[in-house]
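Numbering (the working numbering), first residue to last: 797 to 1720.
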């Protein structure tokens, strides 16, 4: 293709138009400006002629020395024209002096020249003329031209623009027509291809210029678009095919996933069913074991046999605890564990856990301590059962892996601390710390893994499933908290559980002024107890003083001064672990300077609480609870009434069991619906031991028929039975009961089940049951439930005996009711123990007489204390009272009084011996 282009002709045409416009504009401006320049030249010539004539006239006046005439000539020549000014100068030496002049022109300063010249300076016409006959004289004539008129210029510019626009319009029209004709084939061809979406055609390319080249490029572009279109169509087909394949695979995967999900759900349901069945099947024989053991313990057993029943009972409950751990872990794994949100008291929960574990701690000689931050309110929302479970697991592990050695006392501290609180939430931290064996970092890394313990031998040495800490961690996570552990081998371990707890409408705080106006002197040598007790007392508003030694305490007693009437003194003495001896304690309590002081003694020795003083209140540290401590201080100071001692648990039925007809007529006949023969036998034995007559139905259908014939006042039913389940039995009884308005006999229904899964109790109550008991049945639990829903009336014969018995026991030296509470109702065991008492007490009394003769108060007091404990164990209450008096008197009384009291003790002892020999004969 040639190099001919469209751009060149267009360029030359535009250049010609622009040049023509510029020429026209120059001509117009020249036409406007030429007359003005010619007029200015003419005016300058006239001004020069006038200056020539004026200079000759002024010269004559000056020759005649007539300056006034010269000035007048100048004024006449100016003729009051403001645009004119005339100046007359004279050369004096080297300076030019102004002689005469008219009014000045504004903004003009004359510059006289000693020569004849005429010139135009911008808008000024200037003429310099020398006076020919007066050398050194020069006249300057100035005229200001009028300002130029801009209208002609504007006219010239407008005319130029108009002409240029006309030329441009004509040129544009010509160019547009030319380009339209040249581009029309390209535009129509492109339009046709785009409308038909067929890019296989070609455009006209015969023109040998830029437009022809553009057509060729467009043809190339269309060919490529056509190829791209074909490739796109092929790609769409491939994508559609791939989409179908993907959808097919997704459908296959979805079906497989759905199948796997259904299989997993079935497996999970099967696991839940298996666990529920396992729980039921394990608890069913355990019910027979524990129930039978409870009944066996009420019979006549030797000491070794009784201990073996303890082992069987504890082993059974250990197996149940393992089963509960497995059930909890399974529910957590399945995501089916639901937490309750109830107002709870962390103080009550921690104290309850401490009371449960204190016996285990006592057996392992572990010092168990509790601390509850007094700032933590009651009424925070939480799950009390799960909180108790977390603390029980952590504290149980701490006690298990902590031991007391001759070098170190094992200590376990359960505490609750307030971290932060706002209007809605309270952040608390529960801690369980011990000074036991500790763990390495490697052991800490997997201590929360299920079925793992810190070391392989632990499971065999200490027992357990390894699920406790894993359950604690997962329960904490469900409560939106976190659990952490810090440990160092040989120094101990600390588990901390951080929990956010929402505040409820029942939120309440410990009173800050309950101990106001009390001055409390705290004695303790235990740093933990000092910190905990100080926090409690200071928070409650008491004024606190601390003594850390017995000498400091005695010195404070000597210096004690009575307080003002509004204040009251209380001494809080920590007597745990022999921090203060009984003698020192008695000395302080009976100190003459402390007669107005009230004492609260913390002790872990039960025998100390037997030493009674009116101004002393004993708080047992088993373990030391905040509520007990504050109640003790309030009671001893008269701010709270002393609670009555709880009555003993109701003993088992001692009379004969009524037969079926007697119980039916008395309205006390019990119906038992149970399909397991072993459970039938055990439960019947338990109910008979409690004094109830029982009829048994082997399944729910038989039980319903029996109930229709006689409306039993109480029905005990298993939930899972053949023919008719316990649920269906209850529904049928409640439905038929509603249809019999004339029937006033209402049947109480109690569920007996081995299913311990959560929600079972609520399900039972919702269908009309009155109570729910989980197998295995403990005799005490069964007795409590039966006494609530079907209390027994006292039989006449036992009633007469019970009326006569106290009078007999009041006159008898030995109380057999007390003896039975320790040994049961076996007469042979009573005889053996009473004769053993006489054999042991006689030499002790002889030794007491010897110690009295030797004036040894401490040994005498110790012997009196031992005799008192032995007398109480056989029910020799009068002898125990005299031994108590001897024990008290051994510290403070004179020797004459001691001999009298010892004589009384010997007299009471002889009464006891005579009674035993009279009843059982002399000891062999």
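Even glycine gets a Cβ: it sits at the ideal position worked out from N, Cα and C.
Tell me the start and end of each unbroken alpha helix (DSSP H) in the segment 927-1000 that is at least 4 residues and wholly inside, in chain order.
-> 947-992
Whole angstroms is fine: what's the gap from residue 1407's alpha carbon to residue 1318's?
-> Bear in mind that the predicted position of residue 1407 carries a pLDDT of just 47, short of 50, making it unreliable; the figure below should be weighed with that in mind. Roughly 21 Å separates the two Cα atoms.
What are the partner residues of residue 1216, as DSSP defines its beta bridges?
-> 1223
Residue 974, buried or exposed, once every other Cβ within 10 Å from all chains shown has been counted against 16 | exposed
Along the chain, where does the alpha helix (DSSP H) that runs through residue 1559 open and close?
-> 1556-1562
Paired residues, beta bridge with residue 881 - DSSP = 938
Between which two residues does the beta strand (DSSP E) containing residue 1397 stretch?
-> 1394-1399
Hey, out of 1172, 930, 988 and 1178, whose CA is closest to residue 888's CA?
-> 930
Taking the alpha-carbon positions, what's the residue 1419 to residue 1509 distance?
-> 43 Å
Residue 1363 and residue 1322: beta carbons closer than 7 Å?
-> no
Quick one: give me the first and last residue of the alpha helix (DSSP H) that residue 1323 is part of.
-> 1323-1335
Can you round the beta-carbon distance between residue 1392 and residue 1358 to whole angstroms, since I take them to be within the 8 Å contact cut?
-> 6 Å
Please state whether DSSP places residue 1300 in a helix, a strand or coil.
-> strand
Taking the alpha-carbon positions, what's the residue 890 to residue 865 distance?
-> 27 Å
Cα-Cα, which of 1299, 1245, 1457 and 1568 is closest to residue 1216?
-> 1299
Proximity below 7 Å, CB of residue 1172 to CB of residue 1212 = yes
How many angstroms separate the CA atom of residue 1341 from the CA atom of residue 1166?
-> 22 Å
Out of 813, 1515 and 1458, which has the shortest C-alpha to C-alpha gap to residue 1470?
-> 1515
Are the beta-carbon atoms belonging to residue 1397 and residue 1316 less than 7 Å from one another?
-> no
Quick one, are the C-beta atoms of residue 915 and residue 922 less than 7 Å apart?
-> yes
At least three beta-carbon pairs within less than 8 Å, the segment 1429-1438 to the segment 1462-1481 | no
Could you tell me the boundaries of the alpha helix (DSSP H) in which residue 1180 lies?
-> 1180-1196
Does DSSP put residue 1172 in a helix, in a strand, or in coil?
-> coil
Counting Cβ pairs closer than 8 Å, one from the segment 1454-1463 and one from the segment 1059-1067, do we hit at least three?
-> no
With distances taken between CB atoms, is the gap from residue 1187 to residue 1149 smaller than 7 Å?
-> yes
Got a sec, what are the start and stop residues for the alpha helix (DSSP H) residue 1524 sits in?
-> 1522-1534
Compute the Euclidean distance between the alpha carbons of residue 938 and residue 881, then round it to the nearest angstrom.
-> 5 Å
Excluding the five sequence neighbours on either side, which residues of its own chain have a C-beta within less than 7 Å of the C-beta of residue 1257, listed in chain order?
-> Unreliable placement is indicated for residue 1257, whose pLDDT of 46 sits below 50; the coordinate value is still reported in the next sentence. Excluding sequence neighbours, residue 1257 sits near nothing in its chain.
How many angstroms separate the CA atom of residue 1598 from the CA atom of residue 1608?
-> Because residue 1598 carries a pLDDT of 37, less than 50, the predicted location of this residue cannot be relied on, and the following value inherits that uncertainty. Spanning the two alpha carbons is a distance of roughly 15 Å.
Alpha-carbon to alpha-carbon, residue 1338 and residue 1310 = 8 Å
What residue from 1291, 1482 and 1297 has the CA that sits closest to residue 1219's CA?
-> 1297
In whole angstroms, what separates the C-alpha of residue 1250 from that of residue 1685?
-> Its pLDDT being 49, under 50, residue 1250 is placed unreliably in this model, and the value from its coordinates should be taken loosely. One C-alpha to the other measures close to 55 Å.
In terms of residues, what are the limits of the beta strand (DSSP E) holding residue 1544?
-> 1544-1549
Going by C-alpha distance, which of 1242, 1194 and 1426 is nearest residue 1229?
-> 1194
Assigned secondary structure, residue 1730 (DSSP; H/G/I helix, E/B strand, else coil) = As displayed, the chain neither begins before 797 nor continues past 1720, which places residue 1730 out of reach and without an answer.
Taking just the CA atoms, how far does residue 1304 sit from residue 1136?
-> 20 Å
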